[in-house]
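For what it's worth, my numbering labels the leading residue of the sequence shown as 19, then goes sequentially. For each residue, glycine too, the CB sits at the ideal point set by N, CA and C. I have placed the structure first, in the form of structure tokens, so that the comments after it can refer back to it.
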Amino acid sequence: MSLPDEITALLAAARAGERGAIDALLPQVYERLRQLAHRQLAGAAGQTLSTTALVHEAWLNLSERREVPWQDRAHFYAYAATAMRHILVDYARRRGAAKRGGGAIALDWQAQELPVEDVAAEMLALDAALQRLGELDARLARVVELRFFAGLEVEEVAAVLGITARSVVRDWRRARLFLHEALADAP
Numbered sequence: 019m020s021l022p023d024e025i026t027a028l029l030a031a032a033r034a035g036e037r038g039a040i041d042a043l044l045p046q047v048y049e050r051l052r053q054l055a056h057r058q059l060a061g062a063a064g065q066t067l068s069t070t071a072l073v074h075e076a077w078l079n080l081s082e083r084r085e086v087p088w089q090d091r092a093h094f095y096a097y098a099a100t101a102m103r104h105i106l107v108d109y110a111r112r113r114g115a116a117k118r119g120g121g122a123i124a125l126d127w128q129a130q131e132l133p134v135e136d137v138a139a140e141m142l143a144l145d146a147a148l149q150r151l152g153e154l155d156a157r158l159a160r161v162v163e164l165r166f167f168a169g170l171e172v173e174e175v176a177a178v179l180g181i182t183a184r185s186v187v188r189d190w191r192r193a194r195l196f197l198h199e200a201l202a203d204a205p
């Protein structure tokens, strides 16, 4: 059985209530979770939240769920990336990220990286903008989470959302435009 098939089988077993499946899942997904965490922490000078700490905190969040909503591995990774995003936003809030202004770093939407320490204020602004986007169009916000935070490819996002790849590309453009404008207006 290939690794993707094995992960999908473990997710199905977890959905069926087999508790051991969640424990068996970690070794299978750990490296990919580290890649997701590294992507979200990349470029942070002097960061105090490590990739490993982010993976472990996200895993605790995921493994403590009573109901397992993941349909397949793309859906699982998308969910994990969302959990990491929330952990990072909470971390930024705890670090006193209300300070804005000098030393602001522009976000590179194409690089799909978001350093924590250096752009804590920007992360909070991004979170607020994503919440506003979600209120206007939940699917656009979900596309951002899947592309930017989970690092999923267009086809994977399409599969998770049950839409065409062309719709994902269009939504990604619209969402980036909205967020660019929202962040430009942010203090």
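- Per DSSP, I181 lies in no alpha helix (DSSP H) and is assigned neither H nor E.
- Of the residues T70, L144, E36, E153, the one whose Cα lies closest to the Cα of D108 is L144.
- Where E85 is concerned, there is no enclosing alpha helix (DSSP H), because DSSP gives it neither an H nor an E.
- Under the DSSP assignment, G38 falls in the alpha helix (DSSP H) whose first and last residues are 37-59.
- With a threshold of 16 other beta carbon atoms within 10 Å, T26 meets it and is buried.
- E173 counts as exposed, since fewer than 16 other beta carbons sit within 10 angstroms of its beta carbon.
- A direct Cα-to-Cα measurement between F94 and A202 gives close to 32 Å.
- Here DSSP, grouped into helix, strand and coil, assigns D155 to coil.
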